[in-house]
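Trainee: Take a look at the following structure, please.
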Amino acid sequence: MASFFTQLARRGFSSSAVRNLVIKHVTIIGGGQMGAGIAQVAASTGHSVTLVDTNDDILKKSIKGIEGSLKRVVKKKFADKPQAGEEFLQKVLRNVSTSTDAASVVHGSDLVVEAIVENLKIKQDLFGRLDMVAPEHTIFASNTSSLPITDIASSTNRLDRFGGIHFFNPVPVMKLVEVIATSATSQETFDSLLNFSKALGKTPVSCKDTPGFIVNRLLVPYLAEAVRLHERGHGSKEDIDIAMKLGAGYPMGPFELADYVGLDTTKFIIDGWSEKDPGNPLFSQIELLNKLVAEGKLGKKTGEGFYKYK
Ligand SMILES: CCCCCCCCCCCCCC(=O)CC(=O)SCCNC(=O)CCNC(=O)[C@H](O)C(C)(C)COP(=O)(O)OP(=O)(O)OC[C@H]1O[C@@H](n2cnc3c(N)ncnc32)[C@H](O)[C@@H]1OP(=O)(O)O
Ligand SMILES: NC(=O)C1=CN([C@@H]2O[C@H](COP(=O)(O)OP(=O)(O)OC[C@H]3O[C@@H](n4cnc5c(N)ncnc54)[C@H](O)[C@@H]3O)[C@@H](O)[C@H]2O)C=CC1
Numbered sequence: 006m007a008s009f010f011t012q013l014a015r016r017g018f019s020s021s022a023v024r025n026l027v028i029k030h031v032t033i034i035g036g037g038q039m040g041a042g043i044a045q046v047a048a049s050t051g052h053s054v055t056l057v058d059t060n061d062d063i064l065k066k067s068i069k070g071i072e073g074s075l076k077r078v079v080k081k082k083f084a085d086k087p088q089a090g091e092e093f094l095q096k097v098l099r100n101v102s103t104s105t106d107a108a109s110v111v112h113g114s115d116l117v118v119e120a121i122v123e124n125l126k127i128k129q130d131l132f133g134r135l136d137m138v139a140p141e142h143t144i145f146a147s148n149t150s151s152l153p154i155t156d157i158a159s160s161t162n163r164l165d166r167f168g169g170i171h172f173f174n175p176v177p178v179m180k181l182v183e184v185i186a187t188s189a190t191s192q193e194t195f196d197s198l199l200n201f202s203k204a205l206g207k208t209p210v211s212c213k214d215t216p217g218f219i220v221n222r223l224l225v226p227y228l229a230e231a232v233r234l235h236e237r238g239h240g241s242k243e244d245i246d247i248a249m250k251l252g253a254g255y256p257m258g259p260f261e262l263a264d265y266v267g268l269d270t271t272k273f274i275i276d277g278w279s280e281k282d283p284g285n286p287l288f289s290q291i292e293l294l295n296k297l298v299a300e301g302k303l304g305k306k307t308g309e310g311f312y313k314y315k
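According to my numbering, the sequence shown holds residues 6 to 315 in order.
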């Protein structure tokens with residue numbers, strides 16, 4: 006059945022008539038680490054989710070990943086009730102459907118969350134196409150790590166219904182969501198994204214549309230400096246990782262974390278920022294990172310990055 010807001014939109018009410026959209030159906034585009042994690046958490050909290058990627062093989066892998074991660078959650082949450090745990094798992098999986106054609110599934114969506122490759126042009130192309138077919142009331146949001154939400158939104162005609170919703174990896178575990186408003190994001194859209202984040206059991210913080218928002222503006226220079234410190238011969242990867250875990254209390258050292266995030270995504274972020282701010286030494290090229298990415302060593306997801314995982 007169409008949601009209340011879909012019905013409103015069909016009757017010609019624009020988003021400005023809707024004070025705070027209650028999000029029920031979510032389309033998530035990109036079934037990689039982040040998209041699959043967001044889909045899992047949204048489905049676990051009773052949302053109906055359509056997960057989109059470029060082909061069925063990737064989507065099968067995404068669903069398998071969601072199932073594996075859910076099993077870890079269920080094992081903990083339903084430790085004394087395995088039958089109830091199994092029922093919960095099956096119910097959550099039933100909340101997720103998949104598609105390789107975003108344009109054909111967004112018609113029923115209250116919210117589209119994009120979690121595809123960190124490339125401005127590709128994100129703009131996607132949202133530009135979806136803007137033509139999505140209902141009036143549908144909110145668009147990007148999970149970008151580093152790109153300006155304003156630039157991504159510029160390919161659409163729904164600047165008031167466009168914001169950033171930045172999750173952290175692994176999504177089922179990390180409690181934070183950064184909600185980003187551009188100068189054109191309406192208060193209704195922003196509130197809907199904040200409430201959606203809370204409905205997922207996360208703690209949202211409000212961010213401006215500035216490079217890296219809050220967390221990555223602080224995290225990226227730290228990670229980059231860790232590699233430079235190593236390149237200068239001032240510490241082994243292993244010692245730097247141990248030092249930051251045992252000395253600063255971080256759950257992962259910088260090299261472990263970069264491998265976990267993905268070195269391709271890491272390189273997209275550094276390249277994008279150094280292009281925008283070429284003189285800034287914080288974002289200068291990192292030879293070791295470039296070499297690993299050129300060799301297809303993208304971190305944990307490919308079995309090797311700074312470390313080996315096989
Ligand atoms: C060096 C290169 C420099 C280049 C410079 C440029 C860098 C640019 C990079 C920018 C990156 C930007 C990315 C971004 O936008 C934002 C981010 O997401 S940053 C990443 C944030 N994440 C973290 O910091 C993660 C830190 N790590 C951890 O918190 C833990 O290590 C982790 C939870 C991942 C694993 O914990 P650990 O104790 O090691 O392992 P366990 O297996 O025991 O797990 C603990 C606990 O958590 C549960 N769990 C783990 N993973 C999942 C999962 N996928 N699904 C469900 N549950 C999971 C597990 O079951 C355990 O639960 P218990 O209750 O303890 O049993
Ligand atoms: N990896 C991380 O730790 C974090 C990443 N992010 C951001 O989330 C986004 C995704 O990152 P990951 O999930 O790590 O990447 P990933 O590489 O694991 O997954 C990206 C997925 O998007 C798919 N894809 C690419 N183009 C597409 C298109 N046009 N239509 C549909 N699907 C498409 C790919 O096939 C792939 O499955 C990026 O913008 C990244 O910056 C945000 C927070 C943390």
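The C-beta atom is built at its ideal place from N, Cα and C for all residues, glycine as well. Everything numeric in this text was worked out from a predicted model, so none of it was measured.
Of the choices Tyr314, Asn124 and Ala186, whose alpha-carbon is the least far from that of Ile219?
Mentor: Nearest neighbour of Ile219 by Cα position, chosen from Tyr314, Asn124 and Ala186, turns out to be Ala186.
Trainee: With respect to 7 Å, is the separation between the Cβ of Met257 and the closest non-hydrogen atom of ligand 1 below this value?
Mentor: Annotation for Met257 indicates a beta carbon within 7 Å of some heavy atom of ligand 1.
Trainee: What do you reckon, is the C-beta of Asn295 under 7 Å from a heavy atom of ligand 4?
Mentor: What this structure holds is ligand 1 and ligand 2, not ligand 4.
Trainee: May I ask you to check if the CB of Gly35 is nearer than 7 Å to at least one heavy atom of ligand 2?
Mentor: Indeed, a heavy atom of ligand 2 lies less than 7 Å from the Cβ.
Trainee: Run through DSSP, which three-state label would Ser188 get?
Mentor: coil
Trainee: By Cβ distance, which residues of its chain are closer than 6 Å to Ala231, with the 5 residues on each side in sequence left out?
Mentor: Ile245 and Pro259
Trainee: Please report the distance separating the alpha-carbon of Ser21 from that of Glu193.
Mentor: Because Ser21 sits at a pLDDT of 43, beneath the cut-off of 50, its placement in the model cannot be relied upon, and the following sentence gives the value as read from the coordinates. Near 8 Å, if we compare the C-alpha coordinates of Glu193 and Ser21.
Trainee: So is the beta-carbon of Leu228 under 7 Å away from any non-hydrogen atom of ligand 1?
Mentor: Indeed, a heavy atom of ligand 1 lies less than 7 Å from the Cβ.
Trainee: Should the segment 93-109 be regarded as contacting the segment 34-54, the criterion being three or more beta carbon pairs within less than 8 Å?
Mentor: yes
Trainee: Cβ-heavy atom distance between Arg77 and ligand 1 below 7 Å?
Mentor: yes
Trainee: Cutting at 7 Å between CB atoms, please list the residues of its own chain near Phe10, excluding the five before and the five after it.
Mentor: Bear in mind that a pLDDT of 42 at Phe10, under 50, signals an unreliable position, so the number given afterwards is only what the model happens to contain. Once the five neighbours on either side are set aside, the close Cβ partners of Phe10 are Val23, Leu26, Asp115 and His142.
Trainee: Can we say the segment 116-130 touches the segment 25-45, given the rule of at least three CB pairs closer than 8 Å?
Mentor: Between the segment 116-130 and the segment 25-45 there are three or more inter-stretch CB-CB distances shorter than 8 Å, so the stretches are counted as touching.
Trainee: Are there any heavy atoms of ligand 1 lying less than 7 Å away from the beta-carbon of Thr327, as far as the coordinates show?
Mentor: Look at the range of the chain in this structure, 6 to 315, and you will see that residue 327 is not part of it.
Trainee: Can Gly310 be considered in contact with ligand 2, in the sense that its beta carbon sits closer than 7 Å to one or more heavy atoms?
Mentor: no
Trainee: Starting from Val225, follow its DSSP beta bridges and name the residues at the other end.
Mentor: Note: Val225 sits in no beta bridge, so no partner.
Trainee: Out of Asp276, Arg163, Val31 and Leu294, point me to the one whose CA is closest to Ser188's CA.
Mentor: Arg163
Trainee: DSSP state of Phe273, grouped into three classes?
Mentor: helix
Trainee: Report the residue ranges of all alpha helix (DSSP H) runs contained in full by the segment 111-141; include only those spanning at least 4 residues, in chain order.
Mentor: If only uninterrupted alpha helix (DSSP H) runs of at least 4 residues are considered, those enclosed by the segment 111-141 are 125-136.
Trainee: Are Ile154 and Phe132 closer than 8 Å when you measure CB to CB?
Mentor: no
Trainee: Is any heavy atom in ligand 1 found nearer than 7 Å to the beta carbon of Ile170?
Mentor: no
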